[in-house]
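Notes follow once the structure below has been shown.
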Amino acid sequence: MLNRNLPEGAVFLNVGQSNFNDVIVHSLRTCKGLRIAVYVHDTIPLDWPELQTPKSRQAFRAFFDRVDRNADFVFCNSSDTRTRVLSYARHLTADRVRVILPGLPDIRVDAPPTGSWTGKPYFMAIGTIEPRKNVGFLLDVWKGFTGATDPHLVLCGRRGWMNEDVFNRLDQSPSNVHELPALSDQEMWGLLEQSNGLLFPSLAEGFGYPALEAIRLDVPLICNPLPVFKEVLGNSPIYADASDCYLWQQEIKKLAHRRRVRSGERYLVMSLETPTWQEHFNQLFTSL
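If you use full-length UniProt numbering, the sequence shown corresponds to residues 1 to 288, in order.
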């Protein structure tokens with residue numbers, strides 16, 4: 001059916017893991033002159049298999065092998081992802097794997113939700129609560145922030161998988177820690193804009209959107225020194241190894257004070273240049 005409906009020389013662009021099984025690939029190859037392009041966001045299931053469910057590991061392995069065997073071009077969201085793709089590939093050549101940074105949408109903030117953190121220093125962590133986000137480390141950090149004048153931690157993200165210990169700890173309602181799992185983007189950005197900083201102790205990221213959103217909003221960022229962060233964010237964040245609880249506590253204490261006393265001033269010396277989605281797709285289509 002596809003070869004009757006697609007013009008000669010068409011391009012099939014896949015931007016996720018769905019709709020790219022062996023049946024579809026076989027059908028695509030019956031189309032004269034068709035090229036297959038795939039956007040790969042990360043290789044985390046191969047890099048950190050112990051942080052993934054067996055089902056997700058198996059599904060990604062099959063997807064990646066299919067991409068490796070069949071894609072004419074692969075686009076990656078960072079040079080770090082490209083390096084990892086090539087390290088696992090057996091058929092792809094370097095000239096067929098290219099980097100096109102994702103676009104960053106316009107950020108429109110709404111009035112943030114209020115709670116016991118309102119009017120006090122607070123920090124945010126954004127993303128699904130799952131092993132690679134390393135939320136357990138933040139709970140360890142917050143054992144040192146249980147007093148009435150200490151900063152609060154606001155977790156913006158739903159509970160995910162394979163993190164029962166963290167869920168159990170959260171169910172104990174640790175002091176100054178709050179879960180907000182169902183905010184809109186606009187509410188989340190409003191909360192982020194007024195925060196003392198974004199905390200990003202992730203063990204692995206393909207790109208790390210919340211980090212860029214924080215910098216766009218001129219919000220301080222503390223993050224694990226992952227290669228992708230150093231590539232994309234440069235010197236904008238405060239880098240702190242996500243095994244050093246004491247160092248994180250000290251940096252958080254500094255920001256809890258600094259953000260309040262510098263109200264009205266810009267925190268970051270330089271803004272980060274990130275493409276819009278239109279620029280992203282312009283570059284993508286030009287490459288094709």
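Idealized CB from N, CA, C, for every residue including glycine.
Assigned exposure category for residue i - 16 Cβ within 10 Å defines buried
i    : result
V261 : Confidence at V261 is low in this model, with a pLDDT of 48, below 50, so the placement of that residue should be treated as unreliable; the coordinate-derived value is given next. Exposed is the call here.
P237 : buried
G197 : buried
E8   : exposed
N19  : exposed
D80  : buried
N235 : exposed
F229 : buried
P131 : buried
F64  : buried
H91  : exposed
P54  : exposed
G157 : buried
Presumed contact (8 Å Cβ cut-off) between residue i and residue j, rounded CB distance
i    : j    : result
P121 : A256 : 4 Å
F207 : V232 : 7 Å
L192 : A214 : 6 Å
L51  : Y88  : Incorrect: roughly 17 Å between the Cβ atoms, too far for contact.
F154 : L170 : Looking at the sequence itself, residue 154 is Val, so the reference to Phe does not match. Actually they are not in contact, since the Cβ atoms of V154 and L170 sit about 12 Å apart, beyond 8 Å.
T146 : S173 : Not a contact, Cβ separation roughly 12 Å.
R84  : T43  : 4 Å
L226 : E205 : 6 Å
Residue i CB to nearest heavy atom of the ligand NAP below 7 Å
i   : result
D22 : The ligand NAP is not part of the structure shown, which contains no ligands of any sort.
Sub-8 Å separation of residue i and residue j beta-carbons
i    : j    : result
V74  : V99  : no
I129 : N168 : no
I36  : A71  : yes
F123 : S195 : yes
D22  : R82  : no
T274 : L217 : no
N77  : H26  : no
Q58  : D110 : no
W48  : L284 : no
Worksheet item: How about the region 132-139 and the region 92-111: do they share at least three Cβ pairs that are nearer than 8 Å?
Response: no
Discussion item. Would you call the region 140-152 in contact with the region 215-231, where contact means no fewer than 3 C-beta pairs closer than 8 Å?
Written reply: no
Practice prompt. For the UniProt domain "Glycosyl transferase family 1" (116-235), list the beta strand (DSSP E) runs that are entirely contained and at least 3 residues long, ordered along the chain.
Written response: 122-126, 152-156, 177-179, 197-200 and 221-223
Worksheet item: In chain order, which continuous runs of the beta strand (DSSP E) of length 3 or greater are located wholly inside the region 22-75?
Response: 35-40
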